[in-house]
Amino acid sequence: MHQISDVAKRLGVSRSTLLYYEKIGLISAERRDNNYRSYSEHDIEKLIFILQLKDSGLSLQESLDVFEQKLRPDLLQEKLVLLDKDIAKKQQARELLAALIGQQSLRDFHIQSESNAPKAHQVWLQSQGLSSKDSQRLRWLSKDINQHESYMSEFNHIFNSLERWAPGSENETLAALKLIPGNIKSILEIGCGHGIATLPLAQHSKASITAIDNEANALDYLASKIADKKQQDKIQLLNADMSDLPFKEERFDLIWSEGSAYIMGFENALRYWKDFLKPGAFIVISELIWSTDTASEKAKKYWDRNYPDMQDRATRLAQAKQLGLKLIGDFSLSDQAWNNYYQPLKAAIDKSRSKLGQSEVLNDIDEEIAIAEIRNSEFDYQFFIFQL
Ligand SMILES: C[S@@+](CC[C@H](N)C(=O)[O-])C[C@H]1O[C@@H](n2cnc3c(N)ncnc32)[C@H](O)[C@@H]1O
1 MHQISDVAKR LGVSRSTLLY YEKIGLISAE RRDNNYRSYS EHDIEKLIFI
51 LQLKDSGLSL QESLDVFEQK LRPDLLQEKL VLLDKDIAKK QQARELLAAL
101 IGQQSLRDFH IQSESNAPKA HQVWLQSQGL SSKDSQRLRW LSKDINQHES
151 YMSEFNHIFN SLERWAPGSE NETLAALKLI PGNIKSILEI GCGHGIATLP
201 LAQHSKASIT AIDNEANALD YLASKIADKK QQDKIQLLNA DMSDLPFKEE
251 RFDLIWSEGS AYIMGFENAL RYWKDFLKPG AFIVISELIW STDTASEKAK
301 KYWDRNYPDM QDRATRLAQA KQLGLKLIGD FSLSDQAWNN YYQPLKAAID
351 KSRSKLGQSE VLNDIDEEIA IAEIRNSEFD YQFFIFQL
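If you count by this note's numbering, then the sequence shown holds residues 1 to 388, one letter each, in order.
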């Protein structure tokens, strides 16, 4: 027989807890001659056993039920599911903390934040000392604040060698231009990159073109192409942010954006850019869209992580209409336009493989190319031509 203080010590519980267990009938005490309680070894072991069950998340009563063979498997099954959920949540919390102190990748955190709370994500990134440009690049490209610089350096190494940075073709740029009636005197091109649309626009219109981008190297490269083609008089290049344009309102006859509106978000871009159009002026945007309601799981999963705000054509048209923009015409880019982007990209990464070795950039591009290859018209790049 054992005294209460010894039992409390052995079980790691307080005296009052033991008294409580006695009160609810979990154990019974005998009184000694001196009126002190004493407990049997059998009772103590029963208690140890029950407390072990309790540690697995059962209540005291449930633990006793298990001990007394009043076992309810369905209840245990429910508990197991709850426990698994709890573990998964705690594991996520652990990963996030480890990632925040640089011990592992922050990708999932950034991807989830971008999908669930994009504005707060942007604010947080800038509070971490990233410039507005870098926080945008991080949201779309590196998706990991711990790896951002090295990621961007590898990314630029590959993309600087390419002419085109989005699906498209000169024919389709000119087909969109043809849909604009009247005499266009001024064009603002937003996100011109290496000028894959800038030069055809200059060569096939009489307009003076202001082409902006916030990638200084791209503008330098484009400046030399413009000089080669002797188009300096028609094209002015500017390093500017598409979400903070350095122009007066109602300044342009046409705004042109190939593969760049998504950076601000299609709807935000239209809402902000339209103020820089003269009344009755035009805006041309090419944008990735869903072309089916029944996309494959693979495509959905990929774009949910990489472009959570991707929409179908009808949604984009409704958004434009809501902003007071009239549809003049639209069309999907051809397979050739997709190949114009992905074939050189594939060649560029194959060339970089031995130099870069294991690389997140190469993995990301491989994944994007693989999705583009099974596109099956589930998603398209759509040219939209609107009028204010
Ligand atoms: C997908 S690329 C398309 C480039 C080009 N229109 C083409 O089709 O090859 C997007 C372009 O937008 C530029 N960009 C990204 N964020 C920008 C910003 N905030 N302001 C201006 N340009 C930006 C990038 O540097 C890049 O040149």
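Where is the CB? At the ideal position from N, CA and C, for every residue including glycine.
(1) Contact between the segment 187-202 and the segment 162-173 is defined here as three or more beta-carbon pairs at a separation below 8 Å; is this criterion met?
(2) Buried or exposed for V361, going by 16 or more other Cβ atoms inside 10 Å?
(3) Am I right that I289 and L270 are in contact with their C-beta atoms under 8 Å? What's the rounded C-beta distance?
(4) Applying the criterion that 16 or more other CB atoms from any shown protein chain within 10 Å of the CB defines a buried residue, is V81 buried or exposed?
(5) Taking DSSP as the reference, what is the three-state secondary structure of I24?
(6) At a cut-off of 7 Å, is N214 close to ligand 1 when judged by its beta-carbon and the heavy atoms of the ligand?
(7) In its own chain, which residues sit with a C-beta less than 7 Å from the C-beta of L130, not counting the 5 before and 5 after it?
(8) For R37, write down the residues that DSSP places opposite it in a beta bridge.
(9) For S310, count neighbouring Cβ atoms within 10 angstroms of its own Cβ and tell me buried if that reaches 16, exposed if not.
(10) Is H157 near ligand 1, in the sense that its beta carbon is under 7 Å from a heavy atom of that ligand?
(11) When you compare only the Cα positions, how much space is there between R251 and L245?
(12) How would you write the range of the beta strand (DSSP E) that I255 sits in, first residue to last?
(13) Measuring straight from C-alpha to C-alpha, what distance separates I145 and S127?
(14) With DSSP run on the structure shown, which of helix, strand or coil describes A98?
(15) Using a Cβ-based criterion (distance less than 7 Å to any ligand heavy atom), does H121 qualify as near ligand 1?
(16) Exposed or buried, P167, counting other C-beta atoms within 10 Å across all chains shown (16 or more means buried)?
(17) Rounded to whole angstroms, what is the Cα-Cα separation between L125 and H148?
(18) Count the other CB atoms within 10 Å of the CB of W140; is the residue buried (16 or more) or exposed (fewer)?
(19) Taking the straight line between their C-alpha atoms, what separation do you get for E287 and I190?
(20) Closer than 7 Å: is that where the CB of I196 sits relative to any heavy atom of ligand 1?
(21) On a Cα-Cα basis, can you pick out the residue from A93, D350, E62, R305 that is closest to K143?
(22) Please tell me whether S229 and L254 are closer than 8 Å, where the distance is taken between their beta carbons.
(23) Would you say I416 and F384 are within 8 Å of each other, going by their C-beta atoms?
(24) Between the Cα of S205 and the Cα atoms of K234, D220, R316, S28, which residue gives the shortest distance?
(25) Could you give the C-beta distance for L327 and F386, rounded to a whole number, given that I count them as a contact under 8 Å?
(26) Looking only at C-alpha atoms, which of S291, W256, A93 sits nearest to K274?
(27) Can you determine whether any heavy atom of ligand 1 sits closer than 7 Å to the C-beta of R164, and answer yes or no?
Quick look at the numbers:
(1) Segment contact: the segment 187-202 against the segment 162-173, three or more CB-CB distances shorter than 8 Å; contact assigned.
(2) Classification of V361: buried, given that the 10 Å Cβ count is 16 or more.
(3) Wrong, their Cβ atoms sit about 14 Å apart, outside the cutoff.
(4) When all chains shown are included, V81 counts as exposed.
(5) Collapsing the DSSP output to three states places I24 in coil.
(6) Ligand 1 has a heavy atom closer than 7 Å to the beta-carbon of N214.
(7) Within the same chain, L138 come within 7 Å of L130 by CB-CB distance, once the 5 residues on both sides are set aside.
(8) The partner list for R37 (beta bridge, DSSP) reads R31.
(9) The question names Ser, yet the displayed sequence has Met at residue 310. Flag for M310 reads buried.
(10) Not one heavy atom of ligand 1 sits closer than 7 Å to the Cβ of H157.
(11) One C-alpha to the other measures close to 11 Å.
(12) Counted as a single uninterrupted DSSP element, the beta strand (DSSP E) harbouring I255 occupies residues 252-258.
(13) Taking the straight line from one Cα to the other gives about 12 Å.
(14) Of the three classes helix, strand and coil, the one that applies to A98 here is helix, per DSSP.
(15) Outside the cutoff, so no.
(16) Flag for P167 reads buried.
(17) Roughly 11 Å between the two C-alpha positions.
(18) Here W140 is exposed. Its C-beta has fewer than 16 other C-beta atoms within 10 Å.
(19) Distance between the alpha carbons of E287 and I190: 13 Å.
(20) Look at I196: its beta carbon is less than 7 Å from one of the heavy atoms in ligand 1.
(21) Relative to the Cα of K143, the nearest Cα in the group A93, D350, E62, R305 belongs to R305.
(22) Strictly speaking, residue 229 in this sequence is Lys, with Ser absent from that position. Their beta carbons are not under 8 Å apart, which means K229 does not touch L254 by this criterion.
(23) The displayed coordinates of the chain run from 1 to 388. Any statement about residue 416 would go beyond what the structure contains.
(24) Of the candidates K234, D220, R316, S28, the residue whose Cα lies closest to the Cα of S205 is K234.
(25) Confirmed, about 6 Å.
(26) Closest option to K274, Cα to Cα, is W256.
(27) Yes, the Cβ of R164 comes within 7 Å of a heavy atom of ligand 1.
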